[in-house]
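Colleague: The structure follows.
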Amino acid sequence: MGSTQESGTEGGVLTESLVVFLIISVVCVAGGLGVVFSRNVIHATFLLLVSLMGVAGIFLLLLAEFLALVQVLIYGGAITIVVLFVIMLTKSDEFESLVDNSQKPLAFLISIGLFVVMTVAAIAADNGNTVRASLKFSDLGHSLFTDWAIPFEVASLVLLVALIGAIVISKQGEEE
Numbered sequence: 105m106g107s108t109q110e111s112g113t114e115g116g117v118l119t120e121s122l123v124v125f126l127i128i129s130v131v132c133v134a135g136g137l138g139v140v141f142s143r144n145v146i147h148a149t150f151l152l153l154v155s156l157m158g159v160a161g162i163f164l165l166l167l168a169e170f171l172a173l174v175q176v177l178i179y180g181g182a183i184t185i186v187v188l189f190v191i192m193l194t195k196s197d198e199f200e201s202l203v204d205n206s207q208k209p210l211a212f213l214i215s216i217g218l219f220v221v222m223t224v225a226a227i228a229a230d231n232g233n234t235v236r237a238s239l240k241f242s243d244l245g246h247s248l249f250t251d252w253a254i255p256f257e258v259a260s261l262v263l264l265v266a267l268i269g270a271i272v273i274s275k276q277g278e279e280e
């Protein structure tokens, strides 16, 4: 039997994990393109959610279960909900509708240039595969609520103040 090559193929045949990675990558890119090209802001938010869930899937493939959980809870849940709150609390009829502008070709060229730079940097980077020791959830929880308790509470207070501020602003807008 042949040994597994580092490229993700066994004897020229794609492995299951590589196929799953390619499918999830297509979902991530399609969600991102949907965000960029969607004219409806609500649809763009849900397409962002699709892309973020794809990133969580990639974390699972990399055996980073905690990062996948954080991705789903924080980005997929909290950030998407905050974006939806902002969209619903702002008076979208006061804003001009999206129109095509003359800066699209320049933006396209800049994005292609950045893509080339990042691709060259990724190819030139050291791709040494190192296996890191896994972190136990109990150790993480203990550290979070002992060493990092104050920053954790400060972050929760900042989120609470932002939520209360959004409610106050929306109530003032209704009274006027």
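The numbering used here applies: residue 105 is where the sequence shown begins, and numbers increase by one.
Even glycine gets a Cβ: it sits at the ideal position worked out from N, Cα and C.
In chain order, what residues of the same chain have a beta carbon less than 7 Å from the beta carbon of G161, not counting five sequence neighbours either side?
Modeller: Once the five neighbours on either side are set aside, the close Cβ partners of G161 are I128.
Colleague: Secondary structure at L210, three-state DSSP: helix, strand or coil?
Modeller: Helix.
Colleague: Which parts of the region 147-195 are runs of the alpha helix (DSSP H), unbroken and 4 residues or longer, counting only runs that do not cross its ends?
Modeller: Within the region 147-195, the complete alpha helix (DSSP H) runs of at least 4 residues are 169-174, 184-193.
Colleague: Just to confirm my understanding: we take V139, look at its own chain, exclude 5 residues before and 5 after, and list those with CB closer than 6 Å. What are they?
Modeller: A148, L151, L152, listed in sequence order.
Colleague: Should M157 be labelled buried (16 or more other beta-carbon atoms within 10 Å of its own) or exposed?
Modeller: Label assigned to M157: buried.
Colleague: With the cut-off set at 8 Å, would you say L167 and S121 are in Cβ contact?
Modeller: Not a contact, by the Cβ cut-off of 8 Å.
Colleague: Is it buried or exposed for V159, if we count other Cβ within 10 angstroms and need 16 for buried?
Modeller: V159 is buried by the Cβ-count criterion.
Colleague: Let me check you understand the geometry: is the CB of S206 closer than 7 Å to at least one non-hydrogen atom of the ligand ADP?
Modeller: Ligands displayed in this structure: none; no statement on the ligand ADP is therefore possible.
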